[in-house]
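Asker: Numbering (our numbering), first residue to last: 685 to 1065.
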Amino acid sequence: MRTIRWDDGTRFDNPNARWGSPAYLLEPGDPGYVDPDPNPPPSPTKPKTKPHHMSSNATPDNRTILTALARNILAGQLSIGATVGLHHHTSTQMDAAIKKLGGDPAADPGTDANQGSQLRYRDCVDATSDARAALRDDSDGPVKTWLSGYRKVLTGIHGSKSNDGWIAAGFPPGTTSVPRSHDARHGLLDAARAYLVTHSGYEASLPQAGGSPLAITAAEALALSTAMQTAKTLINDREAEQTTCKMVRDTDVDALFDEVSSTIAELNGLLAVDDPRWENFGLNIPANPNPPGGVAELTVTAAGTGRELVVWPYAVRADYYRLYLKRVGTDEDFVNVTDPKDLEYTIKDLTPGGSIEVYVVPMNSGGAGSASPTVTKVVGA
């Protein structure tokens, strides 16, 4: 037996405690000793697990990443959707949302359904760019050439300096130069036509090297002005179509975002946070995510003086990417310069003519995936 001290932790209900003066505690082997718990439960053994890093599986805002994730979720829905109990957000709904944006190969070729709203929008953007280029080519080509000839004729009539004669002929006060903007050139064409109608004696034919003579006439000014107006009208039409196409595309992006987000929410109610089947849907295991898949390739292209655009494909389950840069001859080792969530990044303030080495590493809360190949490139001037 041993004496009980006030601070030794002995409980008042201990069957081996003898409270008195002095108080003492019976120990194994002492007469009257009672085993306080003859059948103690086994001590629980904690399972060996990796450290937990909760992942929210947030729906990405980036359209390219969103589409890639949607396709991965669709694959999971097709393979085990019924098994896990997906009923509200099925492969049929996801497939339809993907095809609205990305196109349906089964639809008639050339239709909006076959193209999808994203490609249709890109076509509208290209058509607008082509219309603007056509106006620019017309303005910087035949229109500028004609106005330069018109200016040459007026110089022989009114002299080389601005005066009332030049102003009457359509040139702004204080200048005899051919305007730079398309709108100003268009306005001068109209003024020149009106001027030559009332001054038909000033009309002329100027010889051109290797081509037909340049007709400085009211009729030619009208023809050029009409062509410019047609080009401007086409731009307005193309811009309106582009606006409509963008609205349709953005609506389809929002619909796909909602479908992906809602499917993830439904999975949250069906799968445990440590269920490995999350990965069948291209998603992270919430309680303990594995590192993402690798980045298979990387491209680096010039994006202006001292600027290089780095682009890479989506890595499954990646939340962001670490971009590493080494400026050959300057950096001793690679430097983590940024951690973008998107699939491209423009490196700026590089030395033209210098060499760089670049690679990216996909990341999530479970760690790092396989790095992309390292690309070496000479910086553009």
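Built from N, CA and C at the ideal position, the CB exists for glycine as well.
Kindly indicate which three-state DSSP category Tyr998 falls into: helix, strand or coil?
Answerer: Within the sequence shown, numbered from 1, the residue matching residue 998 stands at position 314. Of the three classes helix, strand and coil, the one that applies to Tyr998 here is coil, per DSSP.
Asker: What residues in its chain sit with their C-beta under 7 Å from that of Val1063, if we drop five residues either side in the sequence?
Answerer: Stepping through the sequence shown from its first residue, residue 1063 is reached at position 379. Only Gly990, Glu992, Leu1034, Thr1035, Pro1036, Gly1037, Gly1038, Ile1040 meet the Cβ criterion.
Asker: Identify the continuous beta strand (DSSP E) that holds Thr767 and give its terminal residues.
Answerer: Locating residue 767 in the sequence shown gives position 83, where the first residue counts as 1. Careful: Thr767 lies outside any beta strand (DSSP E), inside the alpha helix (DSSP H) at 747-768.
Asker: For Thr743, count neighbouring C-beta atoms within 10 Å of its own C-beta (all shown protein chains included) and say buried if the count is 16 or more, exposed if not.
Answerer: For the purposes of this step, residue 743 is taken as residue 59 along the sequence shown, with counting starting at 1. Answer is buried; the Cβ neighbour count reaches 16.
Asker: Decide if Leu1007 is buried, meaning its Cβ has at least 16 other Cβ atoms within 10 Å, or exposed.
Answerer: Stepping through the sequence shown from its first residue, residue 1007 is reached at position 323. Burial call: buried.
Asker: Between Ser861 and Arg835, what straight-line distance do the alpha-carbon atoms span, to the nearest angstrom?
Answerer: Locating residue 861 in the sequence shown gives position 177, counting from the first residue. Locating residue 835 in the sequence shown gives position 151, counting from the first residue. Looking at the two C-alpha atoms, the distance is approximately 8 Å.
Asker: Tell me Ile1040's beta-bridge partners as DSSP assigns them.
Answerer: Within the sequence shown, residue 1040 is the residue found at index 356, counting from 1. Per DSSP, Arg1011, Lys1061.
Asker: Whole angstroms is fine: what's the gap from Lys734's alpha carbon to Ser946's?
Answerer: Looking up residue 734 in the sequence shown gives position 50. Looking up residue 946 in the sequence shown gives position 262. Caution applies to Lys734, whose pLDDT of 41 falls short of 50 and renders its modelled position unreliable; the value that the coordinates give is listed next. The alpha-carbon atoms of Lys734 and Ser946 are separated by roughly 29 Å.
Asker: Beta strand (DSSP E) containing Val979: first to last residue?
Answerer: Taking the sequence shown and counting its residues from 1, the one referred to as residue 979 is at position 295. That residue, Val979, is in no beta strand (DSSP E); it is neither H nor E in DSSP.
Asker: Using a 10 Å radius around the Cβ and a threshold of 16 neighbouring Cβ atoms, would you call Thr1058 buried or exposed?
Answerer: In the sequence shown, residue 1058 corresponds to position 374, counting from 1. So Thr1058 counts as exposed.
Asker: Write down the C-beta distance between Gln761 and Ser775 rounded to the nearest angstrom, noting that I regard them as a contact closer than 8 Å.
Answerer: For this step, residue 761 is matched to residue 77 along the sequence shown. For this step, residue 775 is matched to residue 91 along the sequence shown. Between Gln761 and Ser775 a beta carbon distance of about 4 Å is seen, short of the 8 Å cut, so the two are scored as contacting.
Asker: Are the stretch 900-915 and the stretch 869-889 touching by the rule of at least three beta carbon pairs closer than 8 Å?
Answerer: yes
Asker: Would you say Val718 reaches chain D, if we count a Cβ-Cβ gap shorter than 8 Å as a contact?
Answerer: The question asks about chain D, but that chain is absent: this structure has only one protein chain.
Asker: Among Lys1061, Asp822, His771, which residue has its Cα nearest to the Cα of Leu1009?
Answerer: Stepping through the sequence shown from its first residue, residue 1009 is reached at position 325. Shortest Cα-Cα distance from Leu1009 to any of Lys1061, Asp822, His771 involves Lys1061.
Asker: With a 10 Å radius around its C-beta and 16 neighbouring C-beta atoms as the bar for buried, classify Ser1056 as buried or exposed.
Answerer: For this step, residue 1056 is matched to residue 372 along the sequence shown. Buried, because 16 or more other Cβ atoms sit within 10 Å of the Cβ of Ser1056.
Asker: Contact defined as beta carbons within less than 8 Å: I believe Ser832 pairs with His866. What is the distance between those atoms, to the nearest angstrom?
Answerer: Position 148 of the sequence shown holds residue 832. Position 182 of the sequence shown holds residue 866. The Cβ separation is near 15 Å, so there is no contact.
Asker: Pro1046 bridges to which residues according to DSSP?
Answerer: If you number the sequence shown from 1, residue 1046 lands on position 362. Tyr1005.
Asker: Using 8 Å as the Cβ pair cut-off and three pairs as the minimum, do the stretch 914-926 and the stretch 801-815 touch?
Answerer: yes
Asker: Helix, strand or coil for Ile900, going by three-state DSSP, please let me know.
Answerer: What you label residue 900 is simply residue 216 of the sequence shown in a count that begins at 1. Strand.
Asker: How would you write the range of the beta strand (DSSP E) that Ser889 sits in, first residue to last?
Answerer: As a working mapping, residue 889 is identified with position 205 in the sequence shown. 888-892 is the span of the beta strand (DSSP E), which, as asked, contains Ser889.
Asker: Could you check what DSSP says for Leu993 in three-state terms: helix, strand or coil?
Answerer: If you number the sequence shown from 1, residue 993 lands on position 309. Looking at Leu993 - three-state DSSP - the assignment turns out to be strand.
Asker: Do Pro897 and Ser889 have their C-beta atoms within less than 8 Å of each other?
Answerer: Position 213 of the sequence shown, counted from the first residue, corresponds to residue 897. Position 205 of the sequence shown, counted from the first residue, corresponds to residue 889. Cβ atoms of Pro897 and Ser889: closer than 8 Å.
Asker: Just curious, the beta strand (DSSP E) that Tyr1029 is in, first and last residue?
Answerer: Within the sequence shown, the letter at position 345 stands for residue 1029. Where Tyr1029 is concerned, the enclosing beta strand (DSSP E) stretches over 1028-1031.
Asker: Determine the DSSP secondary structure at Gly895, reduced to helix, strand or coil.
Answerer: On the sequence shown, position 211 is the one that residue 895 refers to. Per DSSP, reduced to three states, the secondary structure at Gly895 is strand.
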